Every structure is written in C-alpha cells, then in structure tokens.
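Scroll down for the structure; my scribbles are underneath it.
In our numbering, the protein residues as written are 177 to 667.
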C-alpha cells in the first residue's frame, strides 16, 4: 500500500469518491460513506480527509473502536486540525472516555476559539455528566447571535430542558428548522429533538406529527424478511440436545460479566445503574464483543446475525471467545464484575452460555407498546434501523420475542426476567432481585441508581440521572390516535 500524502490534490477520482462519501454520510447512509472512504485509503492510507470521513461513518455505525483508530491516525497526521480533534472527541465520548473527550474538545477550541462543532460537542458531554453551568458557559457566546450550527441548537435545547424551560428549547429547535439550506441529516436531528420536547410539554398532536415526519425523512433500510430468515436459521441451528453437547469454556480469569439484554428503552440502563451502584460492579455500557467473536471464530462466513452452524464450535473456539471478550471492555475495570447491556446479545445467548457458563443473564421486560413508542421517538442512528417504521418495529419485536422464547423454553438458558413496571413501582424489591441474581451481597447504595457516576454514552442518560419514576408507564395511551395499528398489534 502506498504511503501517499496526507492532503493529496489534483486526483479527480479521489475527489469524486470523497464527495460521494460525504454526500452519503449527510444523507444518513454511513455504510456507503465508509465504502467511499476505504476506496480512497486503499490507494493512499495517509489521506487525512478520507480517514476523517471513515471515522465519521464508523461512529454513525456504532463501530467505535474502529472509529477511534481512524481518528487517531488522522490526528497523528494533522495534529492541529480542530475538526479531527473534535471527531476524535466524539468517538471517545461515545466510548465513555469523558475526560479524554473533553481534552480533545478543549484542544480544538484552543486552536479555533468559538468553533461551534467543538463547543456544542463539549457542551453535550458536560450536560450528560450533570455539569450544566460549564455547558451554559460554553454555549452562551454561540447563542448571542443567529445560530448557524444545528448541533448548537440541539445542545442549547437540551440545556433548556434540563433547566425546566422546554418552551425555550422548542423555540430554538423551530428556529433551527427554518434555517435555509439545512442538510437532511441535520433536519432529522432537529425534528427528533423537537418531537421529544413537544412530548414533554404534553403537546401530543404536534409531537406525533413531528416524529412521523422525522422517521419518514430518516427512512429505514431494515429488511424484515431477511431478519426473519436469520431468526429461522438461529432456531434451527440451536436445539437443547445440541447445546447440551457443545463444549463449555473453562472458568478462568478474575472478571465475571453480567449480561443485561432487552429491547432498547426497556429498562436496561436502569438495571445497569442498579448494579453499577454496587461496590463490586463496573458498568461497561453496550459492547459489541459477542458479535465480533462470532465473526472472528467462523472466519470466512459472513454471520451478521446468527451462528448458523452450531456444530462448528469447538472447545478451542469457545475458550478463545472467553479470553477475547474482556478486550472489548472500553472502561477501566477495578471490580470483579462488569456489565454488558448490548441489546443485540439476544442473538448470542447460546455463545454467552458456552463461553461464560457462570455469567448471570438478566432480561429486561417492559410493556411492548411503551417500548415501541419510546423507540419510535428515538433517533438511534444506523444501529437500529428497525425503529424508523411502525411495521418494522412490530416485525422486529416479534422476531426478538421468538428468540428469547427459544433460548428460555427450548434451550433452557437460565435468565432473570425483570419487569420495568414492577421495578419502578417497588424499587428496593426489584433491586434486591437483580443484585441477588448476580450473586452479590446486598448494598443499600443499589437503591439509588441516580447517584451512580454518569455514563455519558447512553441515550437514556437524562432519564436515569433522575430518581426512579413511574410517569413513563402507559405513555403509549397518548399516541393511540397516531400509532393505533402498531400498538394494537403489540398489545
């Protein structure tokens, strides 16, 4: 591979690929943007702009360790480029590296004072860790005149919400949506944020209209038939007799995972916080380790969703899976237990049981209608394409329920099922159940999950920073008029 130049010019093919990649990223298609970036890097691995584009796309695809590698390489080639520092900060922020991210944002602002992308990114991070005054100080100069960057509007609207002034947040977002020449991806961001604030205000009619527009504009590339076929292969591949005959990894090492599975917005973050309040547990967020292990162990077979051939798993592969999983943990670990709350781990429950036979598994359950409404209002990015269309939501919920039922009833995989509704209505009883299932002694701190050090990655961060509340129960009832068919099919 040629070394090339960090900032090549005069190459029409390269310029066309870069333009195409940026357009695809802006249109909400980061996978195509990644392909364009990689096509440039195949010819010149030192192309800074292509590395930056690659990192941007990988962040959107939630492949954060790869994104950080690309950003690190770009910053090494152009250490005083503030946009690259801001991009690296974003990856670090989503990986839970709060102080490292803030340091990069500050470096960018030192090089380019008033840089809106860096200031708004730093403000969002500060809001996530409850440092509201610092965030307000950063945003104040940018709010003194016309807002030119939609990320500034998003951060400021979030600040207003946390301060209890949703009306000011709504006005900011509505003003942002009137900006001429607003890119489609930015418009979608603002529309989702506005729908959320309208929901908080109780303006149900405007909220549902706005979120429907946002989801339609965002679009969905989810393939219900393809996903259903993947689930069928999973159900066929794993039988009780087959799983019982498969090898288990030896219980080595001092680190025990606690796997928290469940649909997004079903209470997984609350359960993680309850456990993280325990002195013996570290919260690691959503890890893609199991999916990567499947891809690595069965090299040459593209298996994005299921392990199609259960008989292919040898003792060596299962043991290797066990030894490699801790490398996916991106936060410092000083406790014997660590949580992994990746929702997609439902597809890897058999591998989890083989690689970590001693690991507790907790499944979070919530009224599917409330979960679906919450997901429909959430701008997840590319990772959960099923969430942007009511039909796809229903199909995905049905598929996941089949997998859980098969793992629990057919394969006999032991897991604790925790009801969100029961947990928030009787927090101490629920917390004791969760802690006990993990094999831990009870600690009273587990009754105060809102006091746990904040993880700035989760999209539920503003909710779990509050004391446990019950107001989200039955939220779906407000949206029967707009989402009646979806809700009826989920009831």
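The C-beta atom is built at its ideal place from N, Cα and C for all residues, glycine as well. All figures in this text were calculated on a predicted structure; none of them were measured in a lab.
Looking at 290, 288, 289, 294, the one whose alpha-carbon comes closest to that of residue 277 is 294.
The beta carbons of residue 260 and residue 251 sit closer together than 8 Å.
Under the DSSP assignment, residue 593 falls in the beta strand (DSSP E) whose first and last residues are 592-595. Ranked by Cα distance from residue 415, the first of 355, 325, 606, 525 is 525. Residues of the same chain with a CB within less than 7 Å of the CB of residue 365, apart from the 5 flanking positions on each side, are 326, 330, 555 in chain order. In the same chain as residue 437, and ignoring 5 residues on each side of it, the C-beta atoms closer than 6 Å to its own belong to 521, 522, 539, in chain order. Proximity to residue 451 across 263, 269, 604 peaks at 604, based on C-alpha coordinates. Residue 628 places its beta carbon less than 8 Å from that of residue 449.
Residue state for residue 198 is assigned as helix, using DSSP reduced to three classes. In the DSSP assignment, residue 513 falls within the beta strand (DSSP E) that extends over 513-516. The region 419-430 and the region 383-402 do not touch, with fewer than 3 CB-CB distances between them shorter than 8 Å. Leaving aside the five residues that flank residue 455 on each side, the residues in its chain whose CB is nearer than 7 Å to its CB run, in chain order, 619. If you look at residue 538, you'll find it in the beta strand (DSSP E) that goes 537-541. When rounded, the separation of the alpha-carbon atoms in residue 198 and residue 236 is 13 Å. Unbroken alpha helix (DSSP H) runs of no fewer than 4 residues, entirely contained in the region 226-261, are found at 240-253, following chain order.
Spanning the alpha carbons of residue 289 and residue 599 requires a straight line of approximately 46 Å. Of the residues 463, 390, 528, 264, the one whose Cα lies closest to the Cα of residue 507 is 463. In terms of CA proximity to residue 360, 389 leads the group 346, 285, 292, 389. A Cβ-Cβ separation of about 15 Å leaves residue 607 out of contact with residue 513 under the 8 Å criterion. Taking a 10 Å sphere around the C-beta of residue 200, we find 16 or more other C-beta atoms and assign the residue as buried.
Pairing residue 274 with residue 439 gives a Cβ-Cβ distance that is not under 8 Å.
One Cα belongs to residue 534, the other to residue 491, and the distance between them is close to 16 Å.
Residue state for residue 433 is assigned as strand, using DSSP reduced to three classes. Counting along the chain, residue 459 sits inside no alpha helix (DSSP H); it lies in the beta strand (DSSP E) bounded by residues 457-459. Inter-residue distance for residue 194 and residue 256 is about 21 Å (C-alpha atoms, whole angstroms). Between residue 311 and residue 303, the C-beta spacing is below 8 Å.
The alpha carbon of residue 242 has as its nearest neighbour, out of 584, 545, 209, 267, the alpha carbon of 267.
By the beta-carbon neighbour count (other beta carbons within 10 angstroms, threshold 16), residue 258 is buried.
The Cβ-Cβ distance between residue 553 and residue 372 falls below 8 Å. In this chain, the alpha helix (DSSP H) harbouring residue 276 covers 274-287. For residue 500, same chain residues with a beta-carbon under 7 Å away, outside a window of 5 residues either side, are 469 in chain order. Per DSSP, the unbroken alpha helix (DSSP H) holding residue 313 starts and ends at 308-315. Apart from sequence neighbours up to five positions away, the residues of its chain that approach residue 572 with a beta-carbon distance below 6 Å are 562, ordered along the chain. A check of alpha carbon separations from residue 353 across 420, 503, 323 identifies 323 as the nearest. With respect to residue 434, residue 536 sits close: the two C-beta atoms are nearer than 8 Å.
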